[in-house]
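Report on the structure given below.
Chains as they are written, first to last, in our numbering: chain A, 66 to 147; chain B, 935 to 1168.
Pasting the structure below:
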């Protein structure tokens, strides 16, 4: 099974990197770019250990909470494939 | 009185901290390897600057799983002193010993230069030898020093007087221009509610010796030494 995790800055947190990219896109001539937010994407391949989908989901959620995201500044979401 | 200087894979200010505590302060000091599981009797643990675990994922994020962190957590919970400098501050927020997070500098550039900071609290074991409002010239060297916490958390920090240092100009004014990295409310260093854990982005260990042109940081280490000397348990 594969898990795809997306970690993003909370909406309340300023993203200077996203702002810089937004400005660069504008200077390249791409009109109408209102906002850019930069996040992280993790593709995690999980060995098939005979676990239920619920168990895998709970494991992925813990991965996010304990390491992949800093929940002071970031939110996470994930999808399971396979 | 004993200092324990943590060496994480990628620490690079460990020897500076050792020099200041052992040679300049004259205290006993020992390195603590990241795989160690005890603090070798250290009364004050210093997590030095550097790039622990290459700053992979987020600065400080992977360090929280180092074996040495567990005894540091217990030490802090028991009231023991912990000082995190620069990357050490980032580690302490990731571990959850200090509130908030250190984000990418507002202007996205790594900053290596001197800044002024103002001592906001003198009733911590790390600042007792400073005077209230004392201005220190200290070097910074970081790419992720932009202190962030939700507004409610910042208000709580103000209310509990947990903001220990703020960036200021050479006359102590808290201006936006004096804030090098976009930190919320010019915050350069905070303590926990119990005041025994402090984290700061500037490097006092790099400015503790007149020979190097600046000894403004020495007061912080003198404060720790004075606190430990007066502590009845030691």
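Glycine included, each C-beta is placed from N, C-alpha and C at the ideal position. Keep in mind it's a predicted model, so treat the numbers as computed, not measured.
*Just how far apart, CA to CA, sit residue 1038 of chain B and residue 147 of chain A?*
36 Å
*On the three-state DSSP scale, how would you describe residue 1006 of chain B?*
helix
*Which class does residue 1134 of chain B belong to by DSSP, given the choice of helix, strand or coil?*
strand
*Integer-rounded CB distance, given that residue 100 of chain A should sit under 8 Å from residue 82 of chain A*: No, residue 82 of chain A and residue 100 of chain A are not in contact; Cβ-Cβ is about 12 Å, not under 8 Å.
*Please state if the CB of residue 1079 of chain B and the CB of residue 954 of chain B are separated by a distance shorter than 9 Å.*
no
*Could you tell me the distance, in whole angstroms, from the CA atom of residue 943 of chain B to the CA atom of residue 95 of chain A?*
43 Å
*chain A beta carbons: is any one of them nearer than 9 Å to that of residue 1169 of chain B?*
With chain B running from 935 to 1168 in the structure shown, residue 1169 of chain B is simply not present.
*At a cut of 8 Å, does the stretch 962-969 of chain B reach the stretch 1052-1059 of chain B through at least three beta carbon pairs?*
no
*Beta-carbon gap between residue 1070 of chain B and residue 1099 of chain B smaller than 9 Å*: yes
*residue 1074 of chain B and residue 1045 of chain B look like a contact to me (Cβ under 8 Å); what is the Cβ gap, rounded to whole Å?*
6 Å
*Alpha-carbon spacing of residue 984 of chain B relative to residue 945 of chain B, whole angstroms*: 4 Å
*Between which two residues does the alpha helix (DSSP H) containing residue 87 of chain A stretch?*
81-92
*asked:* With a threshold of 9 Å between beta-carbons, can residue 76 of chain A be considered close to chain B, or not?
replied: no
*asked:* Quick check on DSSP: helix, strand or coil for residue 72 of chain A?
replied: strand
*In or out: residue 1138 of chain B buried (at least 16 other Cβ within 10 Å) or exposed?*
buried
*Classify residue 1168 of chain B as helix, strand or coil using the three-state DSSP reduction.*
Unreliable placement is indicated for residue 1168 of chain B, whose pLDDT of 47 sits below 50; the coordinate value is still reported in the next sentence. DSSP places residue 1168 of chain B in coil when its eight states are reduced to three.
*How many Å lie between residue 141 of chain A and residue 91 of chain A at the Cα?*
28 Å
*Is residue 138 of chain A near residue 999 of chain B, with beta carbons less than 9 Å apart?*
no
*Relative to the C-alpha of residue 1062 of chain B, which residue among B/956, B/1160, B/1102 and B/936 is closest?*
B/1160
*For the alpha helix (DSSP H) that residue 1021 of chain B lies in, which residues bound it at each end?*
1021-1029
*asked:* Bridge partners for residue 1018 of chain B per DSSP, in chain order?
replied: B/981 and B/1133
*Report back the beta-carbon spacing between residue 1112 of chain B and residue 1125 of chain B to the nearest angstrom; my notes put them in contact at under 8 Å.*
So it is not a contact: roughly 21 Å between Cβ atoms.
*Does DSSP put residue 1142 of chain B in a helix, a strand or coil?*
coil
*What's the gap between the Cα of residue 963 of chain B and the Cα of residue 938 of chain B?*
6 Å
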